[in-house]
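Per the working numbering, residue 603 is the first one in the sequence shown, and the count goes up by one each step.
The structure under discussion appears below in the form of structure tokens.
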Amino acid sequence: AESGSSLGSGVLEIQRRQMPMPRRMVLALISSATRVLPGPFFILDFPRSLTSLQQLEAEVGSPFFGVELRCPGQDVSDMEGMLDELKQGNKLLRLPQQTDALDAL
């Protein structure tokens, strides 16, 4: 986000408070970046729900694919709808544990 902009000021305030970034702000940051920077983009840890995926697609278009790498004991119940949606569209790359992610891509 551009320094001094309302989005940049909002990000700075969230960071100062050490709070999680709200979904609407993450979407605004991604949207802003994809408009001015050349792709491709690798977005880590977002989206984490079907609602967030739908909002992201409405904002910037459909992703090429999603990558799923599960850790032992990780609870992904909040992400199942999103993962199913990506899987149905053949847009999900599932990596087994102990996989070198860069080799898989």
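We put the beta carbon where it would ideally sit given N, CA and C, even for glycine.
Using 10 angstroms around the beta-carbon of L646, count the other beta-carbons present and answer buried if the total reaches 16, otherwise exposed. So L646 counts as exposed.
Out of P622, L629 and P642, which has the shortest C-alpha to C-alpha gap to L609? Selection P622, L629 and P642 evaluated against L609 yields L629 as nearest (Cα-Cα).
Specify the secondary structure class of G691 as computed by DSSP and reduced to three states. Coil.
Which residue marks the beginning of the alpha helix (DSSP H) containing R650, and which one marks its end? Careful: R650 lies outside any alpha helix (DSSP H) and carries neither H nor E.
Pairwise C-alpha distance: N692 and V678: Pairing V678 with N692, the inter-Cα distance amounts to about 19 Å.
Give the secondary structure of V628 by DSSP, where H, G and I count as helix, E and B as strand, and everything else as coil. Helix, per DSSP.
Can you tell which of V638, Q617, P642 and L655 has its C-alpha closest to the C-alpha of M681? Nearest C-alpha to M681 among V638, Q617, P642 and L655: L655.
If you follow the alpha helix (DSSP H) that Q620 is in, where does it begin and where does it stop? No alpha helix (DSSP H) contains Q620, which DSSP labels as neither H nor E.
Using CA atoms only, rank isn't needed, just tell me which of R625, Q617, V638 and G675 is closest to Q708. Look at the range of the chain in this structure, 603 to 707, and you will see that residue 708 is not part of it.
Based on DSSP bridge pairs, tell me the residues matched to V669. Paired residues: L695.
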